[in-house]
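Participant: Structure below; questions to follow.
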Amino acid sequence: MQTREYIYKYKNLLVSCSMISKHFALPNNIDHLIYTAPDLEAGMDQIENILGVRPVVGGQHPDFGTHNALLSLGLCTYLEVMAPDPSLKSPEQGLLFQGYFSQGPGLTRWVIATKEIEQLAEHSKAGGLDLGEVQSGSRENPDGTVLSWKLTDPRVMPLDGAVPFLISWGNTPHPARSAPRAGELVGFRIEHPRAAEVRETLELIGVKVTVTKAQRVRLFAIIKTEKGEVELY
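Per the working numbering, the sequence shown starts with residue 369, numbered consecutively.
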């Protein structure tokens, strides 16, 4: 299978989980998908209606001005519902994903896991894809435990957000393992006005997904739930 062979060439840099996707054009190292909503409770309601399982509240991101709720989509993949947190002060760089929040709820960003985040970021930059500087982040769970990670700058959105940012969890337990299980991510695709350019750019980080030409940018995820396969966008 072409996709699996391509990922294997990048295995030392990319793969952070042992599972291998059985589905064409679904990278096994998709870490999480981001569903943005103007209000967290409303976003959680919408996801519960779509997937049949209610997300659990995660925590706050003071540097971004947001908070989130999570659902597991597999051993090392999860869905993050993200919304502005009105209890937080406005970040110096402004609210993360503000443009998405103003558009209403929807699947807007995706994230790739890698153990070697600095090396992969440098590799992509050398090839002409600048994902921004690698930075550290953390948040506190409702139970008081702290999650920490490294990620490339999520404010950098090549090709209107069709290109994912990168994340490394280091020694932190992966959030998918403690979140309620909604199902399994079995498909992912992108629509974009410059589909060929998106495909070529994704190759710089060793990722291959289905990208088709359309008038605007849209992300689609196929999730296998107890109700059957559901398309989230």
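Ideal placement from N, C-alpha and C gives every residue a C-beta, glycine not left out.
Taking the continuous alpha helix (DSSP H) assigned at Asn417, which residues delimit it?
Facilitator: Leu408 to Leu419
Participant: Thinking C-alpha only, which one of Ser506, Arg557, Thr569 and Phe533 is nearest Thr540?
Facilitator: Ser506
Participant: Compare the Cα-Cα distances from Leu534 to each of Gln487, Asn509 and Val479 and report the closest residue.
Facilitator: Looking at the Cα atoms, Val479 is the closest of the given residues.
Participant: Looking only at its own chain, which residues have a Cβ that is under 8 Å from the Cβ of Val524, when we skip the five neighbours before and after it?
Facilitator: Excluding positions up to five away in sequence, the list reads Asp498, Leu499, Gly500 and Phe533.
Participant: Whose C-beta lies closer than 6 Å to the C-beta of Ser440 among residues of the same chain, with five residues either side of it excluded?
Facilitator: If the five residues before and after Ser440 are omitted, its C-beta is found closer than 6 Å to the C-beta atoms of Tyr446, Ala544, Ala547 and Arg549, all from its own chain and listed in chain order.
Participant: According to the neighbour-count rule (16 or more other Cβ atoms, all chains shown, within 10 Å of its Cβ), is Asn417 buried or exposed?
Facilitator: exposed
Participant: Straight-line CA distance for Ile573 to Glu486?
Facilitator: 12 Å
Participant: Can you list the beta strand (DSSP E) stretches of 3 or more residues lying completely in the stretch 432-474, in chain order?
Facilitator: 434-440 and 446-452
Participant: Which stretch, first to last residue, makes up the alpha helix (DSSP H) that contains Val566?
Facilitator: Ala563 to Glu571
Participant: Distance check for Thr580 and Phe556, CA to CA, integer angstroms please.
Facilitator: Each residue's alpha carbon lies about 12 Å from the other.
Participant: Enumerate in chain order the residues of its own chain whose CB-to-CB distance from Pro561 is below 8 Å, with the five nearest sequence positions on each side excluded.
Facilitator: Lys581, Ala582, Gln583, Arg584 and Val585
Participant: Please report the distance separating the alpha-carbon of Phe469 from that of Val577.
Facilitator: 25 Å
Participant: Are the beta-carbon atoms belonging to Gly426 and Leu438 less than 9 Å from one another?
Facilitator: In contact: Gly426 and Leu438 (Cβ atoms closer than 9 Å).
Participant: Specify, as a first and last residue, the run of the beta strand (DSSP E) that Gln503 falls within.
Facilitator: Val502 to Glu508
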